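Here's the structure we're looking at; comments come further down.
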Amino acid sequence: MSLLSIEGVWKHFGDHSVLRGVDLEVHAHEVVTLIGASGSGKSTLLRCANLLETVDDGVIRLDGEEITDPRVDVDGVRKQLGIVFQAYNLFPHMTVLANITLAPRQVHGVPKERAEEEARDLLSRFGLADKAGAYPDQLSGGQQQRVAVVRALATRPKLILLDEVTSALDPELVREVLGIIRELKESGMTMLLTTHEMSFCREISDTVCFLDGGVLLEKGPPEQLFDDPHHERTRAFLQGVRESGRL
Amino acid sequence: MTAGPTWVKSERQQERERFRRSQGRRNASIATASVVVFVVLLATIATNAPGWTRVQAAFFNAEVFRESLPDVAEGFLLNIKIFLITEPLVLVVGLLVALARNVKSPAFLPIRALATLYVDVFRGVPTLLVIYLVGFGLPALRLQGIPSDPATLGIIALTLSYGAYVAEVFRAGIDSVHPSQMAAARSLGLSQAKAMRFVVLPQATRTVVPPLLNDFISLQKDTALVATIGALEALRQAQIHTLDNFNYTPYLVAALLFILLTIPMARFTDHLAERTRRRRGA
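If you're matching them up, the sequences are chains A and B in order. For the first sequence, the working numbering assigns the number 128 to the initial residue and increments by one for each residue that follows. For the second sequence, the working numbering assigns the number 9 to the initial residue and increments by one for each residue that follows.
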C-alpha cells in the first residue's frame, strides 16, 4: 500500500480549476517530483496534501487514512507530515534551536532536554552545529533553508513535502540545500517535492510527474520522462527548459 | 489551457458538503445558545443586586428619558459638528508633523526639533488639561481675533492633542514601508519629497487607516470633554437635565447617543482590518 495516495483531486479558485482530477501514489522511501510551468498546480497539490488547502473533490489518503474527510483531526494529520516552504518561513523571533524544538516540545510532548539533544544531533548532521544559538536573520539563505529542513525533520514525519525549496537561493547556496535533500533520500525518507532544478530532479527522483494546467499529464521514471516523453506538451516544456540552459 | 477532464461533483464530495453545512448550522446554534445564556446570566446578576431598585429608578426612568432626549440630542449635534471639523484638521496636523519629523536635511533641524517637542508635549498632557489651558488661557490673552466661543476653543484643543497622537501613527506607517521602496523611487530620479508623496505615503496610508479610525473613535468620545469649558453639547445638556430633577437617566441618553455613533465606525474599522487580512492571506 502506498504511503500517500491522491485520487481524483480537484481544486478550484473561483472559476479557475487549479487541479483537475489528479491521481498520484507515493510509496514509502520513494522520492516523487512534480514538474511543470508556474501555475500548473504543483504547489497547490502539495498544499492540499498538507491540508493547507481544502480539496473540492477527490480523496487523499495518508497511510490508509482518508485525510480529506471533513471529520478528520487536521492537527493529527499534520503531525505526521513535514513541509518546507520556498521562503523558509522560520520564526524570526526564535533561535535556530527554538525553531527546531518548538513542535517536538509543544505538539509531541518531548521533554526540553531530549528535544534539544535531538535537534543538536540533526544540526551537526547537516553541518549547522555552530548555528544553534543564532537567529534566522543572522544566517544565509542556504543556512536558513537547511534549518527549515531540520525543523521539518525534527518531528520524525512519515513524509516530507518540499515546495520549490531552492527557488529563492542563488546557485552557490542551491548546492548545499540539494546536498541535504540527497542525504535525506539516502536515509530512506519519503519525499514529495516540486522543483525547477531539472538536473537535480532527474538525479534524485524515483518518479517524475509532469503537470500541465492542473492535469497530471504524464509520469514515469526520470530517464523515460526526460529522454522519451509521451506527450507533446511534456516535450515542449522540456525543450524550453533545455533552451534556458537548466537541464 | 489544455482541454482536460470535466468535473462532475462526486457522491463523496456532496456528502462532505452536507456534513460541512450541518457543522455550520451546529456552530450557529451553539453560538446563539451561548449568547442567550450569557445575557440571561448578566441580567439575573444585575436585577438581583441589592441596590437594583434604586439604580433602576435613578438611571432607567422612562419619563425622564423622553423629556431629556430632545435637548441631549440637540447638544449631540454640536458633538458631531466638533468632531467633523476636528478630524480633517487632525489629519492635516498629524501628517505635517510626521513629515516634519522625517525631514533629513540639516537645515531643517529647527523644524524637526519643533515637531518632536510638539509631539512630546501634547502627547504627555492629558486631553482634559489641554482643553482647560486652551479654553481659559487663550481668551485671557485678549489678543485680536482669538475666538471666545467654547466650541471653537474645544476644536483647537482637541486638534492639538490628537494631532500629536495621529502624527505618531503616521510616522509608524511611514516607517513600515520597506526602505527598498524609497531606494527604488530615488533610483528612478524622484526627489526625496516626490518619492515620499508618490511611493511611500500611499503605501503608508493603507497600513495606517485602522489605527487612525481607532483614534477617531476615541476623538468622537472626547468631544464630550469640551463640556468642561461650557460648550452646550450632549454631556452638558445631560448634566443640566440631571440637576433639574435629580435623576441620572439623561446620562444614559447621552451614552446611548455616543454608542450609536461609534458602533458603525467600529464595524467599519473591523471591515477594513478583515479586508487587509484577506488580501495578505491570498
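Where a beta carbon is used, it is the ideal one built from N, C-alpha and C, also for glycine. None of the values given here were measured: they were computed from a predicted structure.
Between the CA atoms of residue j and residue i - distance to the nearest angstrom
i                 : j                 : result
Ser294 of chain A : Val304 of chain A : 11 angstroms
Ala36 of chain B  : Phe67 of chain B  : 35 angstroms
Thr52 of chain B  : Gly59 of chain B  : 13 angstroms
Ala39 of chain B  : Phe46 of chain B  : 11 angstroms
Ser144 of chain A : Cys328 of chain A : 26 angstroms
Met9 of chain B   : Gly340 of chain A : Here the model assigns Met9 of chain B a pLDDT of 47, short of 50, so the residue's position is not dependable, and the following value carries that caveat. Whole-angstrom Cα-Cα distance: 6 angstroms.
Val105 of chain B : Met204 of chain B : 14 angstroms
Ala155 of chain A : Glu192 of chain A : 15 angstroms
Cys336 of chain A : Ile162 of chain A : 6 angstroms
Leu107 of chain B : Lys258 of chain A : 41 angstroms
Asp190 of chain A : Ala281 of chain A : 20 angstroms
Asp3 of chain B   : Val138 of chain B : The structure shown does not extend to residue 3 of chain B, since chain B is modelled only from 9 through 290, so no value can be given for it.
Thr317 of chain A : Asn226 of chain A : 23 angstroms
Leu352 of chain A : Glu282 of chain B : 46 angstroms
Gly238 of chain B : Gln247 of chain B : 11 angstroms
Ala230 of chain A : Gly32 of chain B  : 30 angstroms
Asp264 of chain A : Val223 of chain A : 10 angstroms
From the options, residue whose alpha carbon lies closest to that of residue i
i                 : options                                   : result
Asn110 of chain B : B:Leu209, B:Thr55, B:Leu77 and B:Gly153   : B:Leu209
Leu221 of chain B : B:Ser113, B:Leu280 and B:Ala262           : B:Leu280
Leu178 of chain A : A:Asp200, A:Val159 and A:Thr222           : A:Asp200
Ile331 of chain A : A:Leu338, A:Leu311, A:Leu344 and A:Arg188 : A:Leu311
Gln22 of chain B  : A:Asp184, A:His156 and A:Ala176           : A:Asp184
Val277 of chain A : A:Glu152, A:Ala256 and A:Arg369           : A:Ala256
Asp333 of chain A : A:Thr160, A:Ser132, A:Leu151 and A:Leu146 : A:Thr160
Ile133 of chain A : A:Arg198, A:Ala176 and A:His235           : A:Ala176
Arg20 of chain B  : A:Asp196, A:Asp150, A:Leu146 and A:Ser167 : A:Asp196
Leu103 of chain B : B:Asp157, B:Phe91 and B:Glu176            : B:Glu176
Val342 of chain A : A:His358, A:Thr317 and A:Glu180           : A:His358
Ala235 of chain B : B:Tyr256, B:Ala57, B:Ala159 and B:Val217  : B:Ala159
Ala172 of chain B : B:Ala123, B:Lys89, B:Ile271 and B:Ala65   : B:Ala123
Ile182 of chain B : B:Leu198, B:Ser156, B:Leu97 and B:Val216  : B:Val216
Leu319 of chain A : A:Glu152, A:Gly148, A:Leu146 and A:His139 : A:Glu152
Phe91 of chain B  : B:Ser226, B:Ala246 and B:Arg287           : B:Ser226
Phe121 of chain A : A:Ile308, A:Thr181, A:Asp150 and A:Arg369 : Limits of chain A in this structure are 128 at one end and 374 at the other, which puts residue 121 of chain A out of reach.
Leu130 of chain A : A:Lys138, A:Pro284, A:His235 and A:Gln272 : A:Pro284
Lys17 of chain B  : A:Leu224, A:Gly148 and A:Gly166           : A:Gly148
Trp137 of chain A : A:Leu172, A:Val274, A:Gln233 and A:Gly236 : A:Leu172
Val98 of chain B  : B:Ala201, B:Glu241, B:Gln228 and B:Ala41  : B:Gln228
Residue i at chain B interface by Cβ criterion, 9 angstroms
i                 : result
Ser165 of chain A : no
Asp202 of chain A : no
Pro197 of chain A : yes
Gly185 of chain A : yes
Ser144 of chain A : yes
Arg188 of chain A : no
Gly135 of chain A : yes
Gly367 of chain A : no
Arg147 of chain A : yes
Val277 of chain A : no
Val274 of chain A : no
Val342 of chain A : yes
Strand pairing of residue i, partner residues [DSSP]
i                 : result
Ser144 of chain A : A:His139
Ser267 of chain A : The partner list for Ser267 of chain A (beta bridge, DSSP) is empty, contrary to what the question assumes.
Arg188 of chain A : A:Ser132 and A:Glu193
Thr336 of chain A : A quick correction: the sequence has Cys, not Thr, at residue 336 of chain A. BP columns for Cys336 of chain A point to A:Leu161 and A:Lys346.
Ile287 of chain A : A:Gly209 and A:Met318
Val149 of chain A : A:Val136
CB contact check: residue i to chain A, cutoff 9 angstroms
i                 : result
Phe27 of chain B  : yes
Pro13 of chain B  : yes
Gln21 of chain B  : yes
Ser188 of chain B : no
Met9 of chain B   : Bear in mind that a pLDDT of 47 at Met9 of chain B, under 50, signals an unreliable position, so the number given afterwards is only what the model happens to contain. Cβ-Cβ to chain A under 9 angstroms: yes for Met9 of chain B.
Ser184 of chain B : no
Lys17 of chain B  : yes
Gln200 of chain B : no
Arg74 of chain B  : no
Arg24 of chain B  : yes
Gln369 of chain B : For residue 369 of chain B there is no data in the structure shown, the boundaries of chain B being 9 and 290.
Gln31 of chain B  : yes
| task | State whether the region 259-268 of chain A contacts the region 203-213 of chain A, with contact taken as three or more CB pairs (one from each stretch) at a distance under 8 angstroms. | result | In short, these stretches do not touch, since the Cβ pair count stays below three.
| Would you call the region 235-251 of chain A and the region 311-331 of chain A touching, i.e. three or more CB-CB distances under 8 angstroms? | no
| field | Three or more C-beta pairs below 8 angstroms linking the region 164-172 of chain B and the region 141-155 of chain B | value | yes
| request: Indicate whether the contact test is met: 3 or more Cβ pairs, each with one atom in the region 114-122 of chain B and one in the region 186-198 of chain B, closer than 8 angstroms. | output: no
| query | How about the region 212-221 of chain A and the region 232-240 of chain A: do they share at least three Cβ pairs that are nearer than 8 angstroms? | reply | no
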